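Residue numbers (the working numbering), protein chains in the order written: chain A, 3 to 323; chain X, 8 to 506. The beta-carbon is built from N, C-alpha and C at its ideal position, and this holds for glycine as well. Values in this document were obtained by computation on a predicted structure and should not be read as measured data. Shown next, in structure tokens, is the structure this report addresses.
Written out as structure tokens, the structure reads:
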């Protein structure tokens, strides 16, 4: 019988998968230190890490959603709503654990609504989450009654979560590290994580393999929104005010992080480790633009261009494969 | 065949390599006007690459293309169409929501001023259809047509574009026998009466002899044979394709048949399946034969829980079973090998190991956490037992050959504890050598592991050669049960096609 090993794709003469990301990160870091002498300043680096944590949580959440080959446009609104809701509840004098639980629960509920729409009613994710994005922004403005919400003096201890330090490291970084650790274990070491990759690579094959695809699809939206709500609470505690107009465009940031991190928009491919790298790249770019005195308006232009570039690079890569 | 003129197509010493693979080396091929040339070879022999070079989709590394005596220096897809070449792919590139007339004139609709001249488009379409003898309404939507009629639309489209060379890329697997006959009649007519040259690519050797004047055999990127079809017989052709003599294609066996494991009682679904009753015993291989649209896949999918039933009952291992989802099907000891390996079976971008354990995640996990040792053990056991040829369990499954991909899907069912295997077209799209391996595998599963196999197939020789019994299906019904050893192709076809 003829051996068929020759049909196996030849091993490409290239770096291991994902290595490009870290090389790009290294080059970016070196370039940044040349652009601005302040870049390598420890205080600045900690600031960059704080940014990595804030946006990285969203990026990890979006990685779950995109792995199952969906998209979630509502996360920016969820960030704002979770913050405003938290601020309002603090203002009303509720204890911090209750506030945190409520905001996270409401965020998860919004995700559940998205998940229901996509997995049961089969509304395209793009439209479903676009609708939710607008609805959530509406709730957000309603709860805020149009203006910033001051959580009041009782919330002093709450601000430590986003603005404080533990062993001289900003606290959000610990939260981010925990999120990454749990997410990585879920995606790489559990049967549930395996079903996300399966559903993302071929939904029909997953169904015929006995995987509960509706549950998997539903869950990734809940996870994505839960993490968006968590990130909203950190934003609130960092800004010490609930701003109903915050979080605009954060969905794009989250998608960019996931895609730069090697998550394929067609699903089934990507990792938490990649998202961490993606968040670092994005945070360094934002930081160095700030240091170089580039205006926020020009930064917008750059941010938009980065996502297009990242997706384009990904398209070229998958086409070659 | 017209001779004395310049040939319609001449490919000279075409070579093409991809990173790490020499896909074609020095392949030459000539097709005269009015000639029907078959292009055969195993999967991976280079047929697709050759066609893509011919259509202008790939650029050859070396070699020379001539159409009607004229050298083509820089082939592009648009340029080749303009020069009279049409390629009709198995997966048709059509606009399904548009009408037949619109598809035929796609990109070159007749205009009157700025407006599209629909009357002319429809009249022209009808004229072409009439000339070809097709019974297709130009105003019908392409999505409402059968696959065979869609291919006819493509042929009509090629004629409108004045194509004088038509490449048919494996049209038959998606067609029923009657449709194939009709397609062949049209091809012959166009070749004989209109001087159109054809390149016909097929896996089915019977068709090669039925249709072609000449045949080119590709093996490992080289043209190993070029001659008249009449000078070959199927055995010789297979030998040329695989580079060795095929022994007896179907493995011999003495089945040890046990108790009834699966029984369906007047099973129906909402569309096609009507009152299908069958019985399957342990250790048995039972065929399910029918033309396309007879309901073979529907029966398998309904039993497995992948399609919802509207009536009837299923008994599994002697007890009534209410299987409503694939999850329940797998839990009850059923396994489905789906009809379309790539869209329904494989997680193409994932590893071989991932694919093998996809249906048995619970077996390799402890409280939801996957145990790497259990996973590795399960994967390695299946790779060894089913003889999956792969460099490792970590490579992407899409890099394997068709036959080995199919083995990964078998492995998935076995790993999930399948005792009744529902195999839908298990040898579709795999090459001749791999077919034999899959037959061996089916026999082995049935005899040494006491699996019961229900195998749907549209290839009659396969059903007769491999199965113990067979059920013939027609229009959603099981119309006849036959002993595979005591029936003939003619008898089976009489139940499948007639009435």
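Residue i to residue j, Cα distance in whole Å?
{"i": "residue 470 of chain X", "j": "residue 464 of chain X", "result": "7 Å"}
{"i": "residue 280 of chain X", "j": "residue 480 of chain X", "result": "10 Å"}
{"i": "residue 245 of chain A", "j": "residue 43 of chain A", "result": "30 Å"}
{"i": "residue 449 of chain X", "j": "residue 460 of chain X", "result": "8 Å"}
{"i": "residue 240 of chain A", "j": "residue 132 of chain A", "result": "27 Å"}
{"i": "residue 242 of chain X", "j": "residue 447 of chain X", "result": "20 Å"}
{"i": "residue 171 of chain X", "j": "residue 226 of chain X", "result": "27 Å"}
{"i": "residue 313 of chain A", "j": "residue 191 of chain X", "result": "46 Å"}
{"i": "residue 338 of chain X", "j": "residue 307 of chain X", "result": "16 Å"}
{"i": "residue 23 of chain X", "j": "residue 30 of chain X", "result": "6 Å"}
{"i": "residue 75 of chain X", "j": "residue 18 of chain X", "result": "11 Å"}
{"i": "residue 154 of chain A", "j": "residue 281 of chain A", "result": "32 Å"}
{"i": "residue 126 of chain A", "j": "residue 71 of chain A", "result": "11 Å"}
{"i": "residue 108 of chain X", "j": "residue 55 of chain A", "result": "58 Å"}
{"i": "residue 46 of chain X", "j": "residue 208 of chain X", "result": "5 Å"}
{"i": "residue 441 of chain X", "j": "residue 268 of chain X", "result": "29 Å"}
{"i": "residue 427 of chain X", "j": "residue 453 of chain X", "result": "9 Å"}
{"i": "residue 306 of chain A", "j": "residue 80 of chain A", "result": "21 Å"}
{"i": "residue 394 of chain X", "j": "residue 168 of chain X", "result": "49 Å"}
{"i": "residue 250 of chain A", "j": "residue 224 of chain A", "result": "20 Å"}
{"i": "residue 314 of chain X", "j": "residue 298 of chain X", "result": "20 Å"}
{"i": "residue 162 of chain X", "j": "residue 193 of chain X", "result": "9 Å"}
{"i": "residue 502 of chain X", "j": "residue 282 of chain X", "result": "17 Å"}
{"i": "residue 73 of chain X", "j": "residue 332 of chain X", "result": "56 Å"}
{"i": "residue 63 of chain X", "j": "residue 175 of chain X", "result": "16 Å"}
{"i": "residue 272 of chain A", "j": "residue 65 of chain A", "result": "7 Å"}
Using a C-beta cutoff of 9 Å, does residue i count as contacting chain X?
{"i": "residue 193 of chain A", "result": "yes"}
{"i": "residue 267 of chain A", "result": "no"}
{"i": "residue 212 of chain A", "result": "yes"}
{"i": "residue 207 of chain A", "result": "yes"}
{"i": "residue 196 of chain A", "result": "yes"}
{"i": "residue 316 of chain A", "result": "no"}
{"i": "residue 204 of chain A", "result": "yes"}
Assign residue i to buried or exposed, taking buried as 16 or more other Cβ atoms, counted over all protein chains shown, within 10 Å of its Cβ.
{"i": "residue 232 of chain X", "result": "buried"}
{"i": "residue 325 of chain X", "result": "exposed"}
{"i": "residue 462 of chain X", "result": "buried"}
{"i": "residue 455 of chain X", "result": "exposed"}
{"i": "residue 168 of chain A", "result": "exposed"}
{"i": "residue 115 of chain X", "result": "exposed"}
{"i": "residue 51 of chain A", "result": "buried"}
{"i": "residue 82 of chain A", "result": "buried"}
{"i": "residue 74 of chain A", "result": "buried"}
{"i": "residue 259 of chain X", "result": "exposed"}
{"i": "residue 123 of chain A", "result": "exposed"}
{"i": "residue 13 of chain X", "result": "exposed"}
{"i": "residue 184 of chain A", "result": "exposed"}
{"i": "residue 444 of chain X", "result": "buried"}
{"i": "residue 317 of chain A", "result": "exposed"}
{"i": "residue 2 of chain X", "result": "With chain X covering 8 to 506 only, the question about residue 2 of chain X has no answer from this structure."}
{"i": "residue 423 of chain X", "result": "buried"}
{"i": "residue 25 of chain X", "result": "exposed"}
From the DSSP output, which residues share a beta bridge with residue i?
{"i": "residue 462 of chain X", "result": "X:294, X:430"}
{"i": "residue 480 of chain X", "result": "X:485"}
{"i": "residue 79 of chain X", "result": "X:72"}
{"i": "residue 403 of chain X", "result": "X:358"}
{"i": "residue 327 of chain X", "result": "X:322"}
{"i": "residue 342 of chain X", "result": "X:428"}
For chain A, is any of its Cβ atoms less than 9 Å away from the one on residue i?
{"i": "residue 423 of chain X", "result": "yes"}
{"i": "residue 494 of chain X", "result": "no"}
{"i": "residue 337 of chain X", "result": "yes"}
{"i": "residue 357 of chain X", "result": "yes"}
{"i": "residue 377 of chain X", "result": "yes"}
{"i": "residue 14 of chain X", "result": "no"}
{"i": "residue 391 of chain X", "result": "no"}
Following a CB-centred definition, is residue i positioned closer than 8 Å to any heavy atom of the ligand PLP?
{"i": "residue 48 of chain A", "result": "By its list of ligands, the structure shown contains no ligand whatsoever, and the ligand PLP lies outside what it can speak to."}
Beta strand (DSSP E) runs contained entirely in the stretch 223-281 of chain X, provided each spans 3 or more residues
Segments of the beta strand (DSSP E) lying fully in the stretch 223-281 of chain X: 229-235, 267-276.
Give the list of continuous alpha helix (DSSP H) stretches no shorter than 4 residues that lie fully inside the stretch 237-274 of chain A.
252-262
Whole runs of the beta strand (DSSP E) within the stretch 152-232 of chain X, excluding any shorter than 3 residues
172-176, 204-208, 221-226
Taking only runs that begin and end inside the stretch 94-156 of chain X, name each unbroken alpha helix (DSSP H) of 4 or more residues, in chain order.
107-111, 125-139
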